[in-house]
Amino acid sequence: MQKFAAKIVSMMKSENLYASQGGPIILSQIENEYQTIESDFGDKGPSYVRWAAAMAVRLQTGVPWLMCKQDDAPDPVINTCNGYRCGQTFKGPNSPNKPSVWTENWTSFLQVYGNETKKRSAQDIAFHVALFIAKNGSYVNYYMYHGGTNFGRTAAAFVTTSYYDEAPIDEYGLIRQPKWGHLKELHATIKSCSQTLLTAVQQTFSLGQHQKAYVFQGKSKECTAFLVNRNRTHAARVKFQNTSYILPRWSVSILPDCKSVAFNTAKLRVQRNTRSMILSQKLNSTDKWKEYKETIPEFDNTSIRADTLLDHLNMTKDTSDYLWYTFR
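Just so we're aligned: 1252 in my numbering is position 7 of the sequence shown, and the numbers increase by one with no gaps anywhere.
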């Protein structure tokens, strides 16, 4: 793993791709959700996490290193969140000198053959992004923002060739409304008050049983507020800084000046679009399928022998998903 990581970093450095070199790469990641299996390795699990982090830092990319869904990521590596609702579920950075980072905001999910497509509304995505920023979130990365197609045999096991088609930009590169437009408005609103969010101190105030205000008050009296209603069924009337506001159910209202609502995550102000599909070929006829019966090979009839396990892709030259291994 060290050899592979060093090779990738070397390739990036040779092209001056890191932000420290004037390039576009602002973050580096080592490992991915290792915590989900870490306990299976006993004491060796945390030891490996520390080793991987130290190894990555020594590569000196000049940009921060991340570990996704890794609560015990050691300094200076940043522990981050992956999921649908990191504004609610993320425990936060494990050190006060680390930013709060959401590395994978799942706009949909990969689809397995036989399962229904995972649909997530524009309002739900916007709610959790706004809540994450309100709770001192520094960075949100969408996974995926642009869907795609895994052609041929490039999809993972049991995964359809269509990948994240429900993203704000679908697998054909077409804008999917209202997701794309609603999130565009959210981003513009957050950007409009970014200076206050970056420099002011955050305070929280209760506005009711399910309502809360996240307020960023600067030294020069600049002010931005996020008014949150967590009630999933009912709107709420709240009073904030001597002014009454109606908060739709399960929503976040953003007030860049702590006075006027510039954006509410539950209110769509963009048009919806639809996409029509035309059936080009039916695959329900028996003449479309062929069946082959292979003979299980015996060791004496094998064509290649070795004292180590041979790599599948190198042996088949990536022409087949199947390769017989037999042992003696």
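Built from N, CA and C at the ideal position, the CB exists for glycine as well.
Checklist entry - When burial is assigned at 16 or more other CB atoms within 10 Å of the CB, is Ser1259 buried or exposed? => result exposed
Item to check | Continuous beta strand (DSSP E) stretch holding Phe1249: start and end | outcome: Bounds of any beta strand (DSSP E) do not take in Phe1249; it lies within the alpha helix (DSSP H) bounded by Gln1247 to Ser1259.
Item to check | Candidates Gln1305, Leu1304 and Tyr1417, of which the one nearest Met1522 by Cα | outcome: Tyr1417
Checklist entry - Going by the CB atoms, is the gap between Phe1471 and Tyr1459 shorter than 8 Å? => result yes
Item to check | Close beta carbons around Tyr1293, own chain, < 6 Å, minus the five adjacent residues each side | outcome: So no residue of the chain qualifies.
Checklist entry - His1391 to Leu1262, Cα distance in whole Å? => result 22 Å
Next on the checklist: Does Gln1454 come out as helix, strand or coil in the three-state DSSP assignment?
Outcome noted: Coil at Gln1454, not helix or strand.
Next on the checklist: Am I right that Gln1454 and Val1473 are in contact with their C-beta atoms under 8 Å? What's the rounded C-beta distance?
Outcome noted: Contact flag wrong, Cβ pair sits at about 12 Å.
Item to check | Euclidean distance between Cα positions of Lys1535 and Ala1401 | outcome: 23 Å
Item to check | Closest residue to Phe1461 among Lys1562, Ser1439 and Glu1430 (Cα-Cα distance) | outcome: Ser1439
Item to check | Same chain, Cβ closer than 8 Å to Val1302, neighbours up to 5 away in sequence not counted | outcome: Trp1310, Pro1321 and Val1322
Checklist entry - At which residues does the alpha helix (DSSP H) containing Val1483 begin and terminate? => result Careful: Val1483 lies outside any alpha helix (DSSP H), inside the beta strand (DSSP E) at Ala1481 to Phe1485.
Item to check | Reference Glu1539; option with closest CA among Arg1550, Trp1569, Ser1255 and Glu1349 | outcome: Trp1569
Checklist entry - For Pro1423, which of Arg1365, Thr1441 and His1479 has the nearest alpha-carbon? => result Arg1365
Checklist entry - Hey, how far is the Cα of Leu1376 from the Cα of Gln1333? => result Each residue's Cα considered, the two are about 8 Å apart.
Next on the checklist: Let me check one thing: in DSSP terms, what residues is Ala1470 bridge-paired to?
Outcome noted: Ala1470 pairs with Val1460 and Leu1500.
Checklist entry - The beta strand (DSSP E) with Glu1430 in it runs from where to where? => result Unbroken run through Glu1430 is the alpha helix (DSSP H), Lys1424 to Ser1437; no beta strand (DSSP E).
Item to check | Coarse secondary structure for Gly1290, derived from DSSP in three states | outcome: helix
Checklist entry - Given that a residue counts as buried once 16 or more other Cβ atoms are within 10 Å of its Cβ, and exposed if not, what is Asp1415? => result buried
Checklist entry - Skipping 5 residues on each side, what residues in its chain have a beta carbon closer than 7 Å to that of Gly1337? => result The beta carbon of Gly1337 sits closer than 7 Å to the beta carbons of Ser1345 from its chain, once the five residues preceding and following it are set aside; these are given in chain order.
Checklist entry - Taking C-alpha atoms, which residue in Tyr1329, Lys1504 and Asn1324 lies nearest to Glu1467? => result Lys1504
Checklist entry - Cα separation between Thr1510 and Gly1287? => result Rounded to the nearest whole angstrom, the CA to CA distance from Thr1510 to Gly1287 is 43 Å.
Item to check | Thr1449 - DSSP class collapsed to helix/strand/coil | outcome: Note: Thr1449 maps to strand in three-state DSSP.
Item to check | Outcome for Met1256 when other beta-carbon atoms lying within 10 angstroms are tallied against a minimum of 16 | outcome: exposed
Checklist entry - Excluding five sequence neighbours on each side, which residues of the same chain lie with their C-beta closer than 6 Å to the C-beta of Tyr1409? => result Ser1353, Met1389 and Gly1392
Next on the checklist: With DSSP as the reference, identify every bridge partner of Gln1266, one or two as the case may be.
Outcome noted: Answer is none; Gln1266 lacks a bridge partner.
Checklist entry - With respect to the beta strand (DSSP E) encompassing Asn1350, which residues constitute its N-terminal and C-terminal limits? => result Ser1345 to Trp1351
Item to check | DSSP state of Thr1334 mapped onto helix, strand, coil | outcome: The three-state secondary structure of Thr1334, taken from DSSP, is helix.
Item to check | Three-state secondary structure assigned by DSSP to Val1322 | outcome: coil
Item to check | CB of Leu1492 within 8 Å of CB of Ala1480, strictly | outcome: Ala1480 sits close to Leu1492, with the two beta carbons spaced by under 8 Å.
Item to check | Backbone CA spacing between Gln1447 and Val1404 [nearest angstrom] | outcome: Distance from the CA of Gln1447 to the CA of Val1404, rounded to the nearest whole angstrom, comes to 43 Å.
Item to check | First through last residue of the alpha helix (DSSP H) which encompasses Thr1281 | outcome: Gln1280 to Glu1283
Checklist entry - When DSSP labels each residue in this structure, what does Ile1420 get in the three-state scheme? => result strand
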